[in-house]
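One structure is given here, and the rest of the page talks about it.
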Amino acid sequence: MTGFSQTYLTFKEVGWFYMFKSLMKKKKGQAMIEMVCVLGLYLFLIGFMITGFQIMHNKMVYSMAAYEGVRTAIAYNPTTGGYNISGAKDRAEKILKSQIGETNGLIRVEIVPDGSDYYKCTVEADVKFLFPIINPNGLGAMRESTISTSFTMRKERP
Amino acid sequence: MVKNIKNKFQKLYKFRKKGSILIVTLFYVLMALAFLGFSYDIARIMYLKSYTRNLASVIALSIVNECGHVYQDSVNGARVVIVHDVESRPLKDYKSPYYADKRYVREIFNRNKSGMDKTYHVDPDKDILLNPYYTGSGNVIPGSINKRRFEIGSDGINGEVEVHITAKVDLFFLPGRQATIHESAIAQPSATLTRHYEIIREEQRIFFEYINW
Chain Z
22 MTGFSQTYLT
32 FKEVGWFYMF
42 KSLMKKKKGQ
52 AMIEMVCVLG
62 LYLFLIGFMI
72 TGFQIMHNKM
82 VYSMAAYEGV
92 RTAIAYNPTT
102 GGYNISGAKD
112 RAEKILKSQI
122 GETNGLIRVE
132 IVPDGSDYYK
142 CTVEADVKFL
152 FPIINPNGLG
162 AMRESTISTS
172 FTMRKERP
Chain W
229 MVKNIKNKFQ
239 KLYKFRKKGS
249 ILIVTLFYVL
259 MALAFLGFSY
269 DIARIMYLKS
279 YTRNLASVIA
289 LSIVNECGHV
299 YQDSVNGARV
309 VIVHDVESRP
319 LKDYKSPYYA
329 DKRYVREIFN
339 RNKSGMDKTY
349 HVDPDKDILL
359 NPYYTGSGNV
369 IPGSINKRRF
379 EIGSDGINGE
389 VEVHITAKVD
399 LFFLPGRQAT
409 IHESAIAQPS
419 ATLTRHYEII
429 REEQRIFFEY
439 INW
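Quick look at the structure:
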């Protein structure tokens, strides 16, 4: 035998329903409640903005440091008869320090020979952002982003 | 008819009055999101412009270091020419296997590829120009090459290399669209040491033109 079961609201449930309905009718504090609803979105937007520009600023400074590092490394010094790699590393680190300042995380500056005639300067860091929402290669990164830039340049001839 | 529409609008307005702050705020949030997306792409383009400029400088300096040839000009003293093809190759002492051409540009570009963004696209054969000619309005003529500048640059003595890069960048907030970036850099070496004494080719000799008033 088929049929339907009818459910009846208990007295307590009806009480909750009317209380909620009367609350909805009240206009006091409406703006505050709506503001709380959109506050999350606002915070997301602010975080998005801060994170995005922080990434771009870091990338720009690392790129500049890598360029300066490799430019100094390839310069041949006729007095010493060689290339000043430690000086080039110092140059890159000086740029990072002056542009970003003291950082909590370690920024790795590496200048290595690339073949016999080239030097490669890589600047890399694991950066933890204030709002870890995005990374340069897509949306949705929730952990530290590795930001890295490198340049390879031909050495000056002796 | 007009009254009817007016009544309907008033009813709708009354109905919508609740939560109007929420709707207006959501509208502003959407607007802000669009503006922020736009500005994030602008920031990326700014970064990639500075990267492209550095890359152009890296290519120009690498060409000078690889293909630059110092010798003693009988008129001007020590000077440098950028060897750009087999014909411009000096008679002796030029040991590099490369010339300042597409092949060497591709070599440098591939060595720098690991440091590039995934959203950054350059075809080294088409998008990188060396010493191009300009139109009257100052635009670069694609595919053109002014070979004389490899021999005598803007200082009138040493050769120079001007590198132009045109890159395409994928936009995050307008999927499927790309922004075009154009940057250039010039490298001109100067010779202070006289290492090589050789008779230069006739076409590499500098001829000064004087106007008799």
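Here the protein sequences line up with chains Z and W, keeping their order. Each position in the first sequence, counted from 1, maps to that position plus 21 in the numbering used here. Each position in the second sequence, counted from 1, maps to that position plus 228 in the numbering used here. For every residue, glycine included, the Cβ atom is placed at its ideal position computed from N, Cα and C. Note that the structure is a prediction, hence the values are computed from the model and not measured.
- For a cut-off of 8 Å, the C-beta gap from A407 of chain W to D355 of chain W is around 14 Å, too long to register as a contact.
- Separation of V59 of chain Z and Y268 of chain W (C-alpha to C-alpha, rounded to the nearest whole angstrom) is 22 Å.
- Residues of the segment 54-85 of chain Z that bring their beta carbon within less than 8 Å of a beta carbon in chain W comprise E55, M56, C58, V59, L62, Y63, L66, F69, M70, G73, F74, M77, K80, M81, S84, M85, in sequence order.
- In this structure, D313 of chain W and R307 of chain W do not form a Cβ contact; the two beta carbons are roughly 19 Å apart against a cut-off of 8 Å.
- A direct Cα-Cα distance of roughly 21 Å separates V292 of chain W from V133 of chain Z.
- Under the three-state reduction of DSSP, D111 of chain Z is assigned to helix.
- DSSP places A96 of chain Z outside any beta strand (DSSP E), giving it a letter other than H or E.
- The beta carbon of T167 of chain Z is closer than 6 Å to those of D147 in its chain, skipping five residues each way along the sequence.
- In the three-state scheme derived from DSSP, where H, G and I count as helix and E and B as strand, D269 of chain W is classed as helix.
- Between V368 of chain W and H392 of chain W, the C-beta spacing is below 7 Å.
- Using a Cβ-Cβ cut-off of 7 Å, E177 of chain Z is close to N293 of chain W, given in chain order.
- Taking a cut-off of 8 Å on C-beta distances, the segment 251-266 of chain W does not touch the segment 376-386 of chain W, as fewer than three cross pairs fall below it.
- Neighbourhood of S171 of chain Z in chain W, by CB distance below 7 Å: S342, G343, in chain order.
- Under the Cβ criterion of 7 Å, V389 of chain W is not counted among the residues facing chain Z.
- By the CB criterion at 7 Å, M174 of chain Z and S278 of chain W fall outside the cutoff.
- Secondary structure note for R175 of chain Z: its beta strand (DSSP E) is the uninterrupted segment 166-175.
- Note that the C-beta distance between Y97 of chain Z and E177 of chain Z is below 7 Å.
- The DSSP assignment places 296-301, 305-310, 356-358 as complete runs of the beta strand (DSSP E) inside the segment 273-359 of chain W, in order along the chain (cut-off: 3 residues).
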